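S.K.: Protein chains in written order, with our numbering: chain F, 36 to 300; chain P, 73 to 288.
Sharing a structure with you now.
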Amino acid sequence: MYGVPCSGVTKIQGPAVAGAEVEDTDVDETDVSGAAAALQMVMENCFGERVLQKVIDLMCMKEKEAMRNILLLFAKLNPEIRYVQGMNEVLAPIFYVFSTDTDEQNAANAEADSFSCFVRLLSDSVDHFCQQLDNSSVGIHSTLSRLSELLKANDEELWQHLEYTTKVNPQFYGFRWITLLLTQEFDLHSVMRIWDTLLSNPFGVQEMLLRVCCAMLLCIKSSLLSGDFIANLKLLQHYPKINIEHLLRVAKDISPDTSSFHLSL
Amino acid sequence: MAHKVDHEYDYLFKIVLIGDSGVGKSNILSRFTRNEFCLESKSTIGVEFATRTLQVEGKTVKARIWDTAGQERYRAITSAYYRGAVGAFLVYDITKRQTFDNVQRWLRELRDHADSNIVIMMAGNKSDLNHLRAVSEQDGQVLAEKEGLSFLETSALEALNIDKAFQTILTEIYHIISKKALAAQEAAAATAIPGQGTTINVSDSSGNTKGGCCST
């Protein structure tokens, strides 16, 4: 929970300032007001996120400040991207793992370790956060097309039904799945299990992420095939609870996105 | 292919919820569609979708509502959703002057990306925080009249004026649609009888979205 005092702050100050300040806050200007505005922006978006609830339950101000520092530093080092809402959700599982390490020495270094891992984790997908690159080959639309192609290669019936019959474009659901590495779709425990698979996969995080996303569609195929636009959109934007091990097994069996190469499922 | 298709409505209206981040769009939506309010709601990433069916002048109207992310980064992504929308619910936060000042920017977004006849309801949200008010109700009314918008102050937390605001915008859309349908019928009738070639200007029917500030 993000406690009574915080909720007051967030309600009163709200991310509205963040939205408003984003354009005006040039992190290249290292003046105090710019930094303060960026800090406030990060702070306001850092608190009170549902995926963080369990984490925040355990958190004291010091830990909140550490997360704020990480996101602020990231914003300063990436002036073309700065802070984008949702980055906090990607950071949360990383920070949770480091800060709850049973080795006190390790836990004491949680801020630095989390920062380093956060940067590396985002290194091959940070462009998804960048509006200027949306339509480039590294932007989010290109990645969403790859998801669509992957689905088509693995289950053309479902692909046809989603994209043509019910006109549920991958952008409607896949945008959040991919940019936030599924952190808003599952509870923290499940997210960490899925991330183990993403991080340990030789194909790389993004490639495996697309396979997991595709598997998420395959796992609820029968519901999707019987649903119309509204039913399917609601289902995909509020993904149902499923067996994560089963999901990951399906993901691992997914054949890569090459039309000449099909694995039989 | 077996479809679970919902045909139990007379009209289907697409509405977009827009405004700066943190003004309460997602809570307005959850209050309207599920009668829920969450103090700890997370940022909307991209767009979220919900529906509610209600009665408008005896007709069953299904509102398909697209809740959009307010942060600048998501602007290009979300503006793609304006296409086909017949109504826009433009929200600002009465405790944040900046969110009210940005209403003009949002109107420009709508002009650039939405249908020109789109019906707009402007909502000054968080009216429960009257002690922190930074935008007077009169300022809202003046702007609404100047821009030809409907206007209400709302509180998603207290469920104040949320249903009324949606009812107002859906009724207004219904009036325009039914007038257009009527005009089209009359036009068809007129062409069927060559002697009575009265010209009916269909676009006139959408001209009356101005005025009539609904705040009471």
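Ideal Cβ positions, reconstructed from N, Cα and C, are used throughout, including at glycine.
None of these values were measured; they are calculated from a predicted model.
(1) Considering only the beta carbon of each residue, do I289 of chain F and R228 of chain F sit closer than 7 angstroms?
(2) In three-state DSSP terms, what is G239 of chain F?
(3) Using three-state DSSP, classify L84 of chain P as helix, strand or coil.
(4) Once the 5 residues before and after I255 of chain F are set aside, which same chain residues still bring their CB inside 7 angstroms of it?
(5) Take the Cβ of E192 of chain F as the centre, count every other Cβ of all protein chains shown within 10 Å, and call the residue buried at 16 or more, exposed below.
(6) So what does N170 of chain F bridge to, in DSSP terms?
(7) What residue does the beta strand (DSSP E) around Q120 of chain F start on, and which one ends it?
(8) Report the CB separation of A152 of chain P from T116 of chain P in whole angstroms; it is logged as a contact under 8 angstroms.
(9) Going by C-alpha to C-alpha distance, which of P:E129, P:R145 and P:A160 sits closest to R136 of chain P?
(10) Have a look at the DSSP bridge pairing and note the partners of G196 of chain P.
(11) For the segment 278-289 of chain F, list every residue whose C-beta sits within 9 angstroms of some C-beta in chain P, in sequence order.
(12) With a threshold of 7 angstroms between beta carbons, is G156 of chain P in contact with chain F?
(13) Under the three-state reduction of DSSP, which class applies to Q248 of chain P: helix, strand or coil?
(14) Is DSSP giving R155 of chain P helix, strand or coil here?
(15) Check whether the segment 217-224 of chain P touches the segment 247-260 of chain P, taking contact to mean three or more Cβ pairs, one atom from each stretch, closer than 8 angstroms.
(16) What does the alpha-carbon distance come out to for the pair G69 of chain F and D169 of chain F?
(17) Any chance the segment 81-93 of chain P sits against the segment 209-219 of chain P, with 3 or more Cβ pairs inside 8 angstroms?
(18) Where does V247 of chain F fall in DSSP's three states?
(19) If you draw a straight line from the alpha carbon of A144 of chain P to that of L259 of chain F, how long is it in whole angstroms?
(20) Can you check whether the C-beta of A195 of chain P is within less than 7 angstroms of a C-beta belonging to chain F?
(21) Could you check where the alpha helix (DSSP H) with A187 of chain P kicks off and where it finishes?
(22) Taking only runs of the alpha helix (DSSP H) that begin and end inside the segment 183-219 of chain F, which ones reach a length of at least 4 residues, in chain order?
(23) In the DSSP assignment, the beta strand (DSSP E) including L126 of chain P goes from what residue to what residue?
(24) Using a Cβ-Cβ cut-off of 7 angstroms (strictly less than) and excluding sequence neighbours within five positions of Y154 of chain P, which residues of its own chain qualify?
(25) Would you check if the distance between the CB atom of V95 of chain P and the CB atom of V163 of chain P is smaller than 7 angstroms?
(26) Between the C-alpha atoms of M251 of chain F and R181 of chain F, what's the straight-line distance to the nearest angstrom?
(27) Apply the 10 Å Cβ neighbour rule to R246 of chain F and answer buried if 16 or more other Cβ atoms are within range, or exposed otherwise.
(28) Reducing DSSP to helix, strand and coil, say where L111 of chain P ends up.
(29) Return yes when the Cβ of I129 of chain F is within less than 7 angstroms of the Cβ of F150 of chain F, no when it is not.
(30) Could you confirm whether any beta carbon from chain F is found closer than 7 angstroms to the beta carbon of F85 of chain P?
(31) Please confirm whether A125 of chain P and Y83 of chain P have their CB atoms less than 7 angstroms apart.
M.R.: Concretely, from the data shown:
(1) Counting from 1 along the first sequence, the entry for residue 289 of chain F is found at position 254. Counting from 1 along the first sequence, the entry for residue 228 of chain F is found at position 193. Taking 7 angstroms as the cut-off, the beta carbon of I289 of chain F is found no closer than this to the beta carbon of R228 of chain F.
(2) For the purposes of this step, residue 239 of chain F is taken as residue 204 along the first sequence, with counting starting at 1. If DSSP states are grouped into helix, strand and coil, G239 of chain F belongs with coil.
(3) Counting from 1 along the second sequence, the entry for residue 84 of chain P is found at position 12. For L84 of chain P, the three-state secondary structure derived from DSSP is strand.
(4) For this step, residue 255 of chain F is matched to residue 220 along the first sequence. The residues are L270 and P275.
(5) The residue labelled residue 192 of chain F in the question sits at position 157 within the first sequence. By the beta-carbon neighbour count (other beta carbons within 10 angstroms, threshold 16), E192 of chain F is exposed.
(6) Against the first sequence, residue 170 of chain F aligns to sequence position 135. None; N170 of chain F has no bridge partner.
(7) Numbered from its first residue, the first sequence carries residue 120 of chain F at position 85. Taken as a continuous stretch (DSSP letters only), Q120 of chain F belongs to no beta strand (DSSP E), as it is neither H nor E.
(8) Within the second sequence, the letter at position 80 stands for residue 152 of chain P. Within the second sequence, the letter at position 44 stands for residue 116 of chain P. About 15 angstroms separates the two Cβ atoms, so there is no contact after all.
(9) As a first step, residue 136 of chain P is located in the second sequence; it is residue number 64 there, counting from the start. For R136 of chain P, the nearest C-alpha among the options comes from P:A160.
(10) Residue 196 of chain P sits at position 124 when you count from the first residue of the second sequence. Beta-bridge pairing links G196 of chain P to P:Y164 and P:E225.
(11) Along the segment 278-289 of chain F, there is no position whose C-beta sits under 9 angstroms from a C-beta of chain P.
(12) Along the second sequence, one-based indexing puts residue 156 of chain P at 84. Not an interface residue.
(13) Within the second sequence, the letter at position 176 stands for residue 248 of chain P. The residue you asked about is not Gln; residue 248 of chain P is Ile in the sequence shown. It is helical.
(14) What you label residue 155 of chain P is simply residue 83 of the second sequence in a count that begins at 1. Secondary structure of R155 of chain P (DSSP, three-state): coil.
(15) Using a Cβ-Cβ distance cut-off of 8 angstroms, the segment 217-224 of chain P and the segment 247-260 of chain P are not in contact, since fewer than three pairs of beta carbons, one from each stretch, lie closer than that value.
(16) One-based indexing of the first sequence puts residue 69 of chain F at position 34. One-based indexing of the first sequence puts residue 169 of chain F at position 134. With a pLDDT of 46 at G69 of chain F, under the threshold of 50, the predicted position of this residue should be treated as unreliable, though the coordinate-derived value follows. Their Cα atoms are separated by approximately 26 angstroms.
(17) Contact between the segment 81-93 of chain P and the segment 209-219 of chain P is absent: fewer than three C-beta pairs spanning the two stretches fall below 8 angstroms.
(18) Here residue 247 of chain F is taken as the residue at index 212 of the first sequence, counted from 1. The answer is helix: DSSP assigns V247 of chain F an H, G or I state.
(19) Within the second sequence, the letter at position 72 stands for residue 144 of chain P. Within the first sequence, the letter at position 224 stands for residue 259 of chain F. A small correction: the amino acid at residue 144 of chain P is Glu; Ala does not occupy that position in the sequence shown. E144 of chain P and L259 of chain F: Cα-Cα distance of roughly 32 angstroms.
(20) For this step, residue 195 of chain P is matched to residue 123 along the second sequence. It does not; no Cβ of chain F falls within 7 angstroms.
(21) Here the question's residue 187 of chain P lines up with position 115 in the second sequence. Note that residue 187 of chain P is Asp in the sequence shown, not Ala. Secondary structure note for D187 of chain P: it is in no alpha helix (DSSP H), with a DSSP letter that is neither H nor E.
(22) Counting only runs of 4 or more, we get 191-195 and 205-214.
(23) In the second sequence, the residue the question calls residue 126 of chain P occupies position 54. Start and end: V119 to V128.
(24) Here the question's residue 154 of chain P lines up with position 82 in the second sequence. If we look at Y154 of chain P and ignore the five residues flanking it on each side, its Cβ neighbours are V88, L182, H185 and A186.
(25) Residue mapping note: residue 95 of chain P aligns to position 23 of the second sequence, counting from 1. Residue mapping note: residue 163 of chain P aligns to position 91 of the second sequence, counting from 1. When the beta-carbon positions are compared, V95 of chain P and V163 of chain P come within less than 7 angstroms of each other.
(26) Along the first sequence, read from residue 1 onward, the residue named residue 251 of chain F stands at position 216. Along the first sequence, read from residue 1 onward, the residue named residue 181 of chain F stands at position 146. The alpha-carbon atoms of M251 of chain F and R181 of chain F are separated by roughly 15 angstroms.
(27) For the purposes of this step, residue 246 of chain F is taken as the residue at position 211 of the first sequence. Answer is buried; the Cβ neighbour count reaches 16.
(28) What you label residue 111 of chain P is simply residue 39 of the second sequence in a count that begins at 1. The three-state reading of DSSP puts L111 of chain P in coil, since its state is none of H, G, I, E or B.
(29) As a position in the first sequence, residue 150 of chain F is number 115, starting the count at 1. As a position in the first sequence, residue 129 of chain F is number 94, starting the count at 1. No, they are not a contact pair.
(30) Taking the second sequence and counting its residues from 1, the one referred to as residue 85 of chain P is at position 13. Answer no: the Cβ-Cβ gap between F85 of chain P and chain F never drops below 7 angstroms.
(31) For this step, residue 125 of chain P is matched to residue 53 along the second sequence. For this step, residue 83 of chain P is matched to residue 11 along the second sequence. Per the sequence presented here, residue 125 of chain P reads as Thr, with Ala not at that position. Contact check for T125 of chain P against Y83 of chain P fails: the beta carbons are separated by 7 angstroms or more.
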